[in-house]
Amino acid sequence: MQLTKLEISGFKSFAKKTELIFKNGITGILGPNGCGKSNIADAFRFVLGEQNARALRGKRIDDFIFGGTEKRKPLSYCEVSMYFDNSDGLLASPFSEVVVTRRAFRSGESEYSINKTPARLRDIRELFRDTGIGKDGYSIIGQGRVSEILSDRSDDRREVFEEAAGVMKYRARKEEAERKLQATAKNILRLEDILRELESRLEPLRLQSEKAAEYFRLREELRELEINLFLYQYDKSNERLKQLRGVACQLSDEITAALAEEEAYAAGCAKEEELERSLSAAISETSRTLIELSASVEGHAGNEKLIHERIDALTADVARRQAEITRIRERETADGERSSQLAEEINLKKASEDALEAALETAEAEFAELSGSINAAEEKLEAQKQSMMDYMNRLADTKSRISRLGAMRESIRKQTASLAQELIEAEAEGKHLDEEYAEAQADKEALLKHKTEFETARQAAIDEINALNVNALSAAKAIRRAEDEISAGKSRLKVLEEMRRAHEGYYASVRRLLNDAQRSAELKKRMHGVVAELLSVPQEYERAVESALGSALQNIVVPTEHDAKYLINYLREHDYGRATLLPVSAMRARLLTDEEKNCFRGIDGCFGIASELVRFSPEYGSVFENLLGRTVIVRDIDTGILISRRAKSAFRIATLKGDILNPGGSMTGGSLQKREFSLLGREREIEELAEGRKTAESRLAELRNAEAECSKALQEANAKAAADADELRKLDVRLASLTEKADIVQKYIQKNVERIKQIAEEQQRLADAETDINAECASAEAAANGIDLGSSANGQDIKNTQLELANLRSALQAANDEISALRIRHTAANRERISAENELKRLNAELADAETRRTAETIAIEAAERDCRQLNDELGSVSCGLSESRAELNALNDELRRLESERAARLNALDELRAKHEQVSLRLSELRERLHRNELATNKAQSELDNMNERIWRDYELTYDNALSFRRDIAVTQAHLRTDELRKELKSLGDVNTSAIEDYRELNERFQSLNAQCGDLRQAEADLNELIAKLTETMEKEFCEQFSLIRQNFTATFSELFNGGHAELVLSDKSDVLNCNIDIIAQPPGKKLQLLSLLSGGEQALTAIALLFAILKLKPAAFCILDEIDTSLDEANVDCFAEYLRKYSEGTQFIIITHRKGAMAVCNSLYGVSMEEKGVSTLVSARLD
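Here our numbering is used: position 1033 in the sequence shown is 1056, and no number is missing along the way.
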């Protein structure tokens, strides 16, 4: 990338369009003072996006636009363009030529473009990122940079280094974070004050809220259960009443019918009983004869049946056994044939198996013999290979050794030549160091004497500063205490005023009404305010008055009853709750009589009537005399009891601790909940804080005046001490430098002596080593020849053994294949033989078993046939007797069935009549009893309904029809148990503040909101602390890394510019690299090492230029503009500067604005700036190549 052209139009004194063409090398811009040549450097800064008008030597944008002359009109805009050759693609643009333009208008607006395409400033900066070009880079170096380096103010010099190291952006972010941290801490303190106050109220109100919520929940649950129980009981009782009345009518009808039916059934029963008795006698006689005959028939029939069954069983058994014998004989024939066949097969398989086993043994013996031969051949081959490896290793080691010895010999020869030259240089250096050490010691002694005299004078100044510091510290502490007191008062006042504006501490209904009044003029004109705000109470009586008024503190005072009615309706319409209103027009004073006043006159510890001890506007007199006119304030409860007894408890008495003796004799007291504020005390504290703030601010002003006087004296003393300290520091630096220089020179002398000795010893060692190496090389070459011969013979032996081993392995593989085949055949033959033998054994066993079973079956058949013949003979005689008995038995059975059938019909008829008669009698008695019980239950049910209606109206003012809207399904038993539990729980709650729920919700929402804000602030505080720590760490790391590079570049650049000499950059305190001083110590050729301030003006300027070039090396740019930085150089230093510039221009374009001849001499191109027309700059160019 290369800068090729700059176009300026209407910028400052360049009224006409002006072009500057830039080539490689150095371009000089010349001209007398005031001709506008520095405006060219400003034009570069302008087009690169400089936003600070002062950096361009102006105040506003329109200062940069040509303002006109006597002959020319002002222009409306200015424009500057830079042209770059981007053939190497260094700029992030696809074009080979890049044009960057900025146009500014008198309205203050600016337009940017890249290659005539509109762009943003951000795009311009992005284009030049990492190129070293930019308004913050070192591509433009002016006289201001040199001045900053030469400045006595350490901040100016440090700014140069920090900007070069790139930590300025981090420092700005750190300072911004610290400012935010301070603001966050103040906000946290203010929020914590408010949170502490809210927290002190939150817990009691939370407990009241929970208690109220529990009360409402229990009461609602009880109401719902009782209503549903009523509905259940009512429905149940009403239904029962309807049923009872219907049953009564039905029972009366049933009793009348049952009486007639009972008489008819009684007559029928008597007739049927007489017929049944005659039939029973005939049946008894027939049954006796039938029983005797039946026993005989049953005996004969049983014997006949038994005989038939035994004959059938024996016949079936004979047939089954004959079939089994046939099957056994068939099986025996088949098994015999298979047994003979298997015996022949077994003999053949045995012979084949023996032949295979013999062949296998022969093959295995041959295989073992071949394996042994192969093992022997392999061992022989391995030994031969190992021998060959030994030969090769020995040969390689020997050749490597020969090569290494040759390199060592060459190295020794080079070292010997180098040592000879080094010895000559060391001897010359020793002479020079001895002279330098003597000179340094003499300078050191003279400086020590001067330092001792200066320290004596400085000690007196330090004593004076210490005294002033003590005074200043005391004043600062007093100011901080006053500021803390004012800050705390402000915070407390702000909290209290905010609470007053938000009406914190009031009941929700009152607070809502007051808040609405702030927004509504209609509401505001209808109320004077709250009692607590209209009343002023001395601090000592606050607790007594607050206890006496109680909740009346939150009563609202209004002008008339009409206003009170309006506000009550407003509360009801908005569902805000309830509030007590005190119309001034209706309130009447309630005062003590003279007789009642006499009861406490002259009593020690009685302060008087409460309405007379407080302050209020006369227009509210009736209100406060009504509230406090009959209240007496006393010191303690004993005094109160004494007065109450005298007055016979006729009026209220309040003690300073808040105990109350009420009219009628009751007493209220005990511990009060500790609160951060009270409604009465809050107004008083606001007034006290406002007054205290004025007093504290007045005292703070006095303290600050005293501190200013002390600071002025201390500043003068410190200025003198600083000058003395600076001088002493310079002396210390010079002394340290001389001491360090002397020590360094002494060390160099000692090292030089040791080096000369070491060189001589090293030369002798190298000569001995070369002799040894020559002898060792000859020995190694002879050994290598012997090893090579042995290796060739061993190689032939290996080839012979490998051929033999290959033949043996082929034979072994063939033998192994044959053994595998024989083993497979032998195994198969063995398996087949064993299977045939097992099958033969099984068949023999089956044949023996079949013979046994066939014999047993034959014997069993013969016995069964013999039994069948005997049973057939017995069956004939039994059958004849059985036929005769059965005929006689059938005739008797027919007669008996006829008689029993007739008797059964009569009995059934009699039983039916008796059952019906009995049923009717029982039903009649039951109906009469049921009718009586029904009458009692009806009366009871009606009474229960009446009682339930009365109770539901008394408890909830509901009728049955109204209660139906609350109906839901319930478990009645559990509901009864639950209502008992709910009544006990409600009773245990005691007194309940029913408005606490809404009060707690609002207070808790505010507390949570503020607490979340406070948490966010604390997190922000932690994040800011973490950010500051990270920024500090990053700054230290970046600064140290870049400072080290700058220091190295500076040392080299200084030597080049001065043609010798030495310079260093020194941090005065390495433990605080971001704040310590940065000293520049330089030693031009022929001079001592000393601080920058002790050099001549020209040397100082050239040293500063060396530092700027060192920074430029750190941040190289394609081009660099030097704006009259050689002004302070003398002619000799200008020549050094120009020569360095010429060397450096080989890699960087330089545009130098100068009027020095030495600088002009090295320029390749020159532009002359003149002002032929007043106020208008023009250019003349010349190429010097």
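Glycine is no exception: its CB is placed at the ideal position from the N, C-alpha and C atoms.
In this text the structure is predicted, and so the values were computed from the model without any measurement.
Exposed or buried, which one is SER667 when buried takes at least 16 other CB atoms within 10 Å?
Indexing the sequence shown from 1 puts residue 667 at position 644. It counts as buried.
CB-CB under 7 Å to ARG566, same chain, minus the five flanking residues each way: which ones, in chain order?
Here the question's residue 566 lines up with position 543 in the sequence shown. Excluding positions up to five away in sequence, the list reads LEU679, LYS680 and GLY681.
Would you decide whether THR881 is buried or exposed? Buried here means 16 or more other CB atoms lie within 10 Å of its CB.
By 1-based counting over the sequence shown, the position of residue 881 is 858. With fewer than 16 other Cβ atoms within 10 Å, it is exposed.
In the DSSP assignment, the alpha helix (DSSP H) including MET1058 goes from what residue to what residue?
Counting from 1 along the sequence shown, the entry for residue 1058 is found at position 1035. Run containing MET1058: 1019–1081, per the alpha helix (DSSP H) assignment.
Tell me which residue opens and which closes the beta strand (DSSP E) that GLY165 is part of.
Within the sequence shown, residue 165 is the residue found at index 142, counting from 1. Here the beta strand (DSSP E) through GLY165 covers 163–165.
What does the Cβ neighbour count give for VAL560, buried or exposed, with the cut at 16 atoms within 10 Å?
Stepping through the sequence shown from its first residue, residue 560 is reached at position 537. Flag for VAL560 reads buried.
Please report the Cβ distance between PHE87 and LYS28, rounded to the nearest whole angstrom; I am assuming they are in contact, meaning their Cβ atoms lie under 8 Å.
Numbered from 1 along the sequence shown, position 64 holds the residue referred to as residue 87. Numbered from 1 along the sequence shown, position 5 holds the residue referred to as residue 28. Contact flag wrong, Cβ pair sits at about 20 Å.
Go ahead and label ILE31 buried or exposed: buried means 16 or more other beta carbons lie within 10 angstroms of its beta carbon, across all protein chains shown.
Taking the sequence shown and counting its residues from 1, one reaches residue 31 at position 8. With 16 or more Cβ atoms within 10 Å of its Cβ, ILE31 is classed as buried.
Have a look at ASP978, GLY1198, VAL1199 and SER1188 and flag the residue whose alpha-carbon is nearest the alpha-carbon of GLY51.
If you number the sequence shown from 1, residue 51 lands on position 28. Of the candidates ASP978, GLY1198, VAL1199 and SER1188, the one whose C-alpha sits nearest the C-alpha of GLY51 is SER1188.
Closer than 8 Å by C-beta to ARG129: which residues in its own chain qualify, once you throw out the five before and the five after it? Chain order, please.
Within the sequence shown, the letter at position 106 stands for residue 129. For ARG129, where only same-chain residues beyond five positions count, the Cβ hits under 8 Å are ILE84, ASP85, ILE88, SER99 and TYR100.
Quick one: what does DSSP say GLU433 is sitting in, helix, strand or coil?
By one-based count along the sequence shown, residue 433 stands at place 410. DSSP places GLU433 in helix when its eight states are reduced to three.
How many Å lie between ALA304 and LYS939 at the Cα?
Counted from its first residue, the sequence shown places residue 304 at position 281. Counted from its first residue, the sequence shown places residue 939 at position 916. Cα-Cα distance, rounded: 27 Å.
Report the rounded CA-to-CA distance for ASP1014 versus ARG601, giving the unit in angstroms.
Position 991 of the sequence shown, counted from the start, is the residue given in the question as residue 1014. Position 578 of the sequence shown, counted from the start, is the residue given in the question as residue 601. If you take the alpha carbons of ASP1014 and ARG601, they lie about 18 Å apart.
When the Cα atoms are used, what is the spatial distance from THR1057 to TYR193?
The residue you call residue 1057 lines up with position 1034 of the sequence shown. The residue you call residue 193 lines up with position 170 of the sequence shown. THR1057 and TYR193: Cα-Cα distance of roughly 8 Å.
On the DSSP letters alone, give me the boundaries of the beta strand (DSSP E) that ALA670 sits inside.
Counting from one through the sequence shown, the residue named residue 670 turns up at place 647. No beta strand (DSSP E) contains ALA670, which is instead part of the alpha helix (DSSP H) from 660–670.
Please report how far the alpha carbon of LEU26 lies from the alpha carbon of PHE1132, in whole angstroms.
Here the question's residue 26 lines up with position 3 in the sequence shown. Here the question's residue 1132 lines up with position 1109 in the sequence shown. Pairing LEU26 with PHE1132, the inter-Cα distance amounts to about 20 Å.
Taking only the alpha-carbon atoms, compute the straight-line gap between LYS697 and ARG202 and give it to the nearest angstrom.
Numbered from 1 along the sequence shown, position 674 holds the residue referred to as residue 697. Numbered from 1 along the sequence shown, position 179 holds the residue referred to as residue 202. Low confidence applies here, because LYS697 scores a pLDDT of 47, under 50, leaving its location unreliable and the question unanswered by this model.
Under the assumption that GLU165 contacts ALA64 (Cβ atoms under 8 Å), give the Cβ distance between them as a whole number of angstroms.
Position 142 of the sequence shown, counted from the start, is the residue given in the question as residue 165. Position 41 of the sequence shown, counted from the start, is the residue given in the question as residue 64. This sequence places Gly at residue 165; Glu is not what is there. The Cβ separation is near 6 Å, so the contact holds.
For PRO141, write down the residues that DSSP places opposite it in a beta bridge.
Translated into the one-based positions of the sequence shown, residue 141 becomes position 118. Per DSSP, SER136.
In whole angstroms, what is the alpha-carbon distance linking GLY33 and ALA498?
Working through the sequence shown from its first residue, we reach residue 33 at position 10. Working through the sequence shown from its first residue, we reach residue 498 at position 475. About 58 Å.
From which residue to which residue does the alpha helix (DSSP H) around PHE1132 run?
The residue given as residue 1132 occupies position 1109 in the sequence shown. Here the alpha helix (DSSP H) through PHE1132 covers 1120–1137.
Name the residue from ALA960, GLU958, ALA986 and LEU959 whose alpha carbon lies nearest to the alpha carbon of MET971.
Residue mapping note: residue 971 aligns to position 948 of the sequence shown, counting from 1. Checked all of ALA960, GLU958, ALA986 and LEU959; the closest Cα to MET971 is ALA986.
With a Cβ-Cβ cutoff of 7 Å, do ALA612 and GLY573 count as a contact?
Translated into positions along the sequence shown, residue 612 becomes position 589. Translated into positions along the sequence shown, residue 573 becomes position 550. No, the pair does not count as a contact, with Cβ atoms beyond the cut-off.
Determine, using beta carbons only, whether ALA677 and SER570 come nearer to each other than 7 Å.
Numbered from 1 along the sequence shown, position 654 holds the residue referred to as residue 677. Numbered from 1 along the sequence shown, position 547 holds the residue referred to as residue 570. Contact flag set, yes.
Report yes or no: do the stretch 369–384 and the stretch 855–873 share at least 3 C-beta pairs separated by less than 8 Å?
yes
Once you ignore the five residues that flank LYS403 on each side, which residues in its own chain have a CB closer than 8 Å to its CB?
Along the sequence shown, read from residue 1 onward, the residue named residue 403 stands at position 380. The residues are THR824.
So, at 6 Å on beta carbons, what are the nonlocal neighbours of GLU699 in its own chain, with the 5 sequence-adjacent residues on each side left out?
For the purposes of this step, residue 699 is taken as the residue at position 676 of the sequence shown. Confidence at GLU699 is low in this model, with a pLDDT of 45, below 50, so its placement is unreliable and the value that follows should be read with caution. Taken in chain order, the residues that qualify are GLU220 and SER223.
Between GLU445 and the ligand MN, is the CB less than 6 Å from at least one heavy atom?
The ligand MN is absent from the structure shown, which contains no ligand whatsoever.
I'd like to confirm the pairing. Which residues does DSSP put opposite LYS28 in its beta bridges?
What you label residue 28 is simply residue 5 of the sequence shown in a count that begins at 1. In the DSSP output, where bridge partners are listed per residue, LYS28 has ILE44 and TYR106.
Return the CA-CA distance between THR1002 and GLU243, expressed in angstroms with no decimal places.
Walking along the sequence shown from the start, residue 1002 turns up at place 979. Walking along the sequence shown from the start, residue 243 turns up at place 220. C-alpha separation (whole angstroms): 11 Å.
If the criterion is Cβ atoms closer than 7 Å, does the pair LEU870 and GLU355 meet it?
The residue you call residue 870 lines up with position 847 of the sequence shown. The residue you call residue 355 lines up with position 332 of the sequence shown. It is a contact, given that the beta carbons lie within the stated cut-off.
Compute the Euclidean distance between the alpha carbons of LEU702 and LYS234, then round it to the nearest angstrom.
On the sequence shown, position 679 is the one that residue 702 refers to. On the sequence shown, position 211 is the one that residue 234 refers to. So the alpha carbons of these two residues sit roughly 24 Å apart.
ASN60 and VAL1192: beta carbons closer than 7 Å?
For the purposes of this step, residue 60 is taken as residue 37 along the sequence shown, with counting starting at 1. For the purposes of this step, residue 1192 is taken as residue 1169 along the sequence shown, with counting starting at 1. Reading off the sequence shown, one finds Lys at residue 60, where the question assumed Asn. Cβ atoms of LYS60 and VAL1192: closer than 7 Å.
With C-beta atoms as the reference, is LEU1236 less than 7 Å away from ALA400?
Because the chain in this structure spans residues 24 to 1208, residue 1236 falls outside the shown range and cannot be described.
Do ALA740 and GLU508 have their CB atoms nearer than 7 Å?
Along the sequence shown, read from residue 1 onward, the residue named residue 740 stands at position 717. Along the sequence shown, read from residue 1 onward, the residue named residue 508 stands at position 485. Not a contact, by the Cβ cut-off of 7 Å.
Is the stretch 268–286 touching the stretch 950–961, taking contact as three or more C-beta pairs under 8 Å?
yes
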